[in-house]
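Student: First, the structure itself, so that you have it in front of you.
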């Protein structure tokens with residue numbers, strides 16, 4: 004059985020390939036010629052060069068495949084990268100899904116963003132059927148992931164065999180661009196000295212990858228599955244991280260109005276590099292998700308967060324980020 008994985012050079016995608024390798028599967032992976040291939044060094048895969056924005060190369064990569072894992076995506080808080088966000092999240096997803104239909108892929112695993120489903124309005128988890136509530140924020144990343152989600156749903160309704168999995172905030176080895184591990188590095192270096200009033204679901208990145216593979220193996224076509232992980236307030240998270248690092252947790256908790264002011268003022272000054280509307284809506288709100296459906300239907304399990312943090316810190320030290 005031939006399997007294609009997009010985004011295999013990335014944080015979650017490389018762990019998906021690793022999970023497939025453990026099952027004796029050598030997948031085909033589509034990578035750009037310019038991609039950083041650090042995460043591919045210990046993986047067993049057939050490498051095909053191409054670009055998700057080039058439909059003919061996607062068709063070539065899918066030739067002869069029966070299954071597709073669409074893991075690729077792009078995250079940025081920068082307003083100046085709005086076009087890139089829509090190209091790499093929306094147009095790339097449309098190209099992949101339409102190519103999969105054209106070649107007759109039997110099963111497709113789409114790795115979506117929890118923010119494309121929504122956030123909780125308080126300290127309680129939401130399930131996969133929650134009404135979307137992140138519209139009107141002006142956050143380009145949210146808008147792009149929501150547009151990609153709707154493009155996938157439209158094709159599912161038209162018969163495309165897609166199973167969707169939505170991981171929480173991933174931590175662990177292989178985050179070469181510090182897409183989420185920046186929270187650990189900033190705290191460890193004393194640059195992040197405050198916490199906020201929100202919370203998020205933290206998940207071990209190998210667990211997130213395993214959720215994707217289990218989704219392919221056991222998921223029901225057309226269904227959506229949260230693999231959120233551990234729902235914690237940011238205060239609780241920093242207490243656990245501080246324990247692993249041997250540091251004191253932050254004493255200062257920024258009120259949401261103060262955080263909002265910093266983000267509204269800071270975004271145009273730094274192009275979102277420090278404070279941004281994305282930062283505000285991630286850190287001031289609760290992104291808590293009910294993963295019971297994945298646990299029940301897919302047999303998905305989660306590692307203790309302390310183990311994840313220890314692995315993440317060890318890797319960050321090994322590669323020189325700490």
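Numbering (our numbering), first residue to last: 4 to 325. Cβ atoms here follow ideal geometry from the backbone N, Cα and C, with glycine treated the same way. Model, not experiment: these values are computed from the prediction.
(1) Could you check what DSSP says for residue 202 in three-state terms: helix, strand or coil?
(2) On the three-state DSSP scale, how would you describe residue 151?
(3) So, are the CB atoms of residue 32 and residue 110 less than 9 Å apart?
(4) Please identify the residue among 20, 26, 322 whose C-alpha is closest to the C-alpha of residue 176.
(5) Please determine, among 64, 96, 142, 120, the residue with the shortest C-alpha to C-alpha distance to residue 151.
(6) From the DSSP output, read off the bridge partner residues of residue 290.
(7) Tell me the DSSP bridge mates of residue 170?
(8) Look at residue 178 and residue 282 and say whether their C-beta atoms are less than 9 Å apart.
(9) Please identify the residue among 93, 120, 188, 157 whose C-alpha is closest to the C-alpha of residue 147.
(10) Quick one: what does DSSP say residue 278 is sitting in, helix, strand or coil?
(11) With residue 233 and residue 308 assumed to form a contact (beta carbons below 8 Å), what rounded beta-carbon distance in angstroms separates them?
(12) Given a cut-off of 9 Å, decide if residue 212 and residue 294 are closer than it, judged by their beta-carbon atoms.
(13) Does DSSP put residue 184 in a helix, in a strand, or in coil?
(14) Nearest to residue 48 by alpha carbon, out of 222, 16, 76, 289?
(15) Starting from the C-beta of residue 65, find all residues in its chain whose C-beta is less than 6 Å away, skip the five residues before and the five after it, and write them out in chain order.
Tutor: Looking at the atomic coordinates:
(1) In the three-state DSSP reduction, residue 202 falls in the strand class (E or B).
(2) Residue 151: helix per DSSP, three-state reduction.
(3) No, these two residues do not count as a Cβ contact at 9 Å.
(4) Checking every option, the nearest Cα to that of residue 176 belongs to 322.
(5) Distance check between residue 151 and each of 64, 96, 142, 120 places 96 closest, using alpha-carbon atoms only.
(6) Bridge partners of residue 290: 203.
(7) Residue 170 has 230 as its beta-bridge partners, per DSSP.
(8) One thing to note: residue 178 has its Cβ no nearer than 9 Å to the Cβ of residue 282.
(9) Measuring from the Cα of residue 147, the nearest candidate turns out to be 93.
(10) Correct three-state label for residue 278: coil.
(11) Rounded, the Cβ-Cβ distance is 5 Å, consistent with contact.
(12) It is not a contact, given that the beta carbons lie outside the stated cut-off.
(13) In this structure, residue 184 counts as coil in the three-state DSSP scheme.
(14) Among 222, 16, 76, 289, the Cα nearest to that of residue 48 belongs to 16.
(15) Cβ within range, chain order: 7, 102, 106.
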